[in-house]
Amino acid sequence: MGMKLFHKPVRVQIGRIDRDRIVLGTEDAAKILLRAWPSTCDKKRQEAMRACLEVIKGKKPPSVARKAFIAAAQEARVLLDEEVRA
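This is the structure:
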């Protein structure tokens, strides 16, 4: 299947201050959303998880997952890039 890469990586900071993560694609985003996200009840997180699944299934382009991941990261206040184009 291959990795569904984003057109531009997304930088987030989950947890410790000195640990930022570069999210290169849909699979990276899905793993972070499932295993390392700071809260489990966020609406945007749920939407991002659904978007990642749609991309992994081949039903949507990676840009859909990237946009949803950025929205979730903004909601959770973990997005590091100040000027992010979705």
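The opening position of the sequence shown corresponds to residue 1 in the working numbering, with each subsequent residue numbered one higher.
From the three backbone atoms N, C-alpha and C, an ideal C-beta is built for every residue, glycine too.
Quick check: the Cα distance between residue i and residue j, rounded to an integer number of angstroms?
i	j	result
Val-10	Asp-28	10 Å
Ile-14	Glu-75	13 Å
Pro-61	Val-78	24 Å
Under 8 Å by Cβ, that's how I've got residue i and residue j pegged, so tell me the actual separation to the nearest angstrom.
i	j	result
Ala-73	Val-12	5 Å
Cys-52	Ala-36	In fact, because the Cβ distance is near 14 Å, the residues do not count as touching under 8 Å.
Leu-33	Arg-45	6 Å
Ile-56	Lys-4	7 Å
Suppose the cutoff is 6 Å on Cβ atoms and the five residues either side in sequence are ignored; what does the same chain contact list for residue i look like?
i	result
Pro-38	Ala-76
Phe-6	Gly-25, Pro-62, Arg-66
Might you give, ordered along the chain, the residues of its own chain that have their beta carbon closer than 8 Å to the beta carbon of residue i, omitting 5 neighbours on each side?
i	result
Lys-43	Glu-75
Glu-47	Ala-68, Ala-71, Ala-72
Go through its chain and collect everything with a Cβ distance to residue i's Cβ below 7 Å, but skip five positions before and after it.
i	result
Glu-54	Lys-60, Val-64
Arg-16	none
Within 9 Å of any Cβ in chain D, is that where the Cβ of residue i sits?
i	result
Leu-79	Absence of chain D from the displayed structure is noted, only one protein chain being present.
Opposite residue i in the DSSP bridges: which residues?
i	result
Arg-21	Val-12
Inset, instruction - May I ask you to verify whether the region 19 to 38 touches the region 58 to 66, counting CB pairs closer than 8 Å and requiring at least 3? - result: Contact between the region 19 to 38 and the region 58 to 66 is present, because at least three Cβ pairs lie under 8 Å.
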